[in-house]
Structures are given as structure tokens and as C-alpha cells.
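One structure is given below, encoded as C-alpha cells.
In our numbering, the protein residues as written are 211 to 508.
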């Protein structure tokens, strides 16, 4: 399968590596020039959750600065920040052709609902998913984590041809695929969890400062609780993770997370420590939407 990945970010790079290992041909579409200095190799330091091992290798990658009109891809993977989705569609529209477009990202629900113009692409080409990867890239060195499961939206009772092809692709690479008939609700729940973390990052300065502090993690749990009325006002049912956070005492849960998931030196802790994502967009979007719905969350 020929796969084009937009950009060479943390998520796209790790999935590109995994899918190439499974036999796919991977190209990365990047901008020429600009502030980023791309190299034709990427130094990987990734915890591979499929095999429970750490990967340390120099990975040769195929960078593409432009795509001739006659080139054909089977799949285009787009994993960008929520504020970048419209621009990403504008970039891939001229080169996607009839390829399936997999949108994998942290968004307030199904991103297609906010895109008025698909620039010649059809809504039927899109498959909506959510990645299980994180970390950071500095100077062509990636430190990250690649979980063994991805989330995939299902548009009908039965997977359509494109959804089935994406599911088969990731399963062939050793990933478990969790299917969601209400991917919109799932994404909104996760967006709330993400915003709860971002609120503390804005106060404390970095993801690492939040997770290395029991007070920081406790505040994240408190933020989640405060946003449950917002979910209900949107008509979105809080998922199991959010329900549990509303039941278990915040400090107890924060203490458990600090001793397990975010224990210093653990793969999840290291991935968070290298995360350089500029936070704030999700917080502002939720605050504006909550105000529209008459809900006060802060």
C-alpha cells in the first residue's frame, strides 16, 4: 500500500515507521524551507506498546516536497492540531485523488462537521480515527510512545470499504483497532480530558511539571469534574474514564497515576516530558462553546 503522511510530526512519524515495518510504502509530504530543518533520517527513541519494547534506531525516511499529478496513493494520513485541519485539507486536496483520507487527531468531535469546503474531496473518502501515540521531536530526534491500539470511527452499522481497509492495514501492523459507532461523542470526551490537562499546563508551564506533581494531577481531575456539566449541556454522555474521575477522590487518583502511568522514567512520563505542543486552543474552544451553552466551567 502506498501511503502519504502529511508532515513529519510525532504521531505521523511513529505510525509511518510501524506501517513501513509491515510492508507499506511511506512518503512524508513536507514544506520546503521554513523554520524546520528536515533530514532524510529520523532518530527514533520510541516505546513500542505492541511489543512492549523500546526502539532505538536511525530510520531513513522519504521526504516529498511536491507530488506530481500522476502519482497515486492508496491512503493519506493527516494528524494535525485542531486549528490546522482546514489548512491540512487545502494541502492534500490537490494530491489525494481518490485515496482514502484518515484524519487522526484531537478534535472537538468529528472534524468533518466543521469543514464547509472539502476542496474537491468527497466526505465518503474520509475515515475518522484517533491515534495512540505521543512524544516530541527536537532536531530530527524523536522521543515518543506508540500504544498498541488505535480508535476508529464507523459511519454505518457495518464498516464501509474504506474503513475496513484502514482497519485491516493497522491490524496487519500489529495494532488493535477499537471501533466506535459514535466517534463524535468519543472525540468530545477525549477533547475535554485534553483541555483539563492543558489548563494546568498553562498554569504550571509544561506537561512534565503537571504530571510530576501530585497537586498538578489533582487539579487536572478537578478540571475534568468541572466540565461534566458542559458535556451534558452538549448532549454528550460522559464516558467511563470521566465518570471514574468524578467518583474516585481526586487526590487518590492523582497519587495512583503518579505512581503508575506517570512514574518518572516510565514510557508515558518520558513521552509527556518531551511534548512541546503549544497548549491553549482546546481550552479556548471549550470555554467559548460552554459560554454559548450557558455553562460556567472555570
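Just so you know, even glycine gets a beta-carbon here, dropped at the ideal spot from N, CA and C.
Item, Value
"Validate contact between the stretch 222 to 239 and the stretch 274 to 290 using beta carbons, cut 8 Å, 3 pairs", "yes"
"First through last residue of the alpha helix (DSSP H) which encompasses residue 336", "Taken as a continuous stretch (DSSP letters only), residue 336 belongs to no alpha helix (DSSP H), being part of the beta strand (DSSP E) at 336 to 340."
"Residue of 228, 449, 286 and 444 minimising C-alpha distance to residue 261", "228"
"Whole runs of the beta strand (DSSP E) within the stretch 244 to 276, excluding any shorter than 3 residues", "251 to 258 and 263 to 270"
"For residue 416, the first and last residue of its enclosing beta strand (DSSP E)", "No beta strand (DSSP E) contains residue 416, which DSSP labels as neither H nor E."
"Start-to-end residues for the alpha helix (DSSP H) that takes in residue 385", "No alpha helix (DSSP H) contains residue 385, which DSSP labels as neither H nor E."
"Limits of the unbroken beta strand (DSSP E) element including residue 455", "Residue 455 -> not in any beta strand (DSSP E); alpha helix (DSSP H) instead, spanning 450 to 457."
"Contacting residues, own chain, Cβ-Cβ under 7 Å from residue 369 (five flanking each side not counted)", "377"
"Beta-carbon contacts of residue 478 that lie in its chain and below 7 Å, excluding the five residues immediately before and after", "355, 471 and 472"
"Straight-line Cα distance separating residue 402 from residue 311", "25 Å"
"Per DSSP, cross-strand counterpart(s) of residue 360", "387"
"Residue(s) in a DSSP beta bridge with residue 212", "235"
"Strand pairing of residue 347, partner residues [DSSP]", "352"
"Whole-Å CB distance - residue 397 paired with residue 485, under 8 Å assumed", "Contact doesn't hold; Cβ gap of about 20 Å is too wide."
"Residue 312 - partner residues in DSSP beta bridges", "287 and 337"
"Nearest-angstrom Cα separation, counted from residue 233 out to residue 503", "48 Å"
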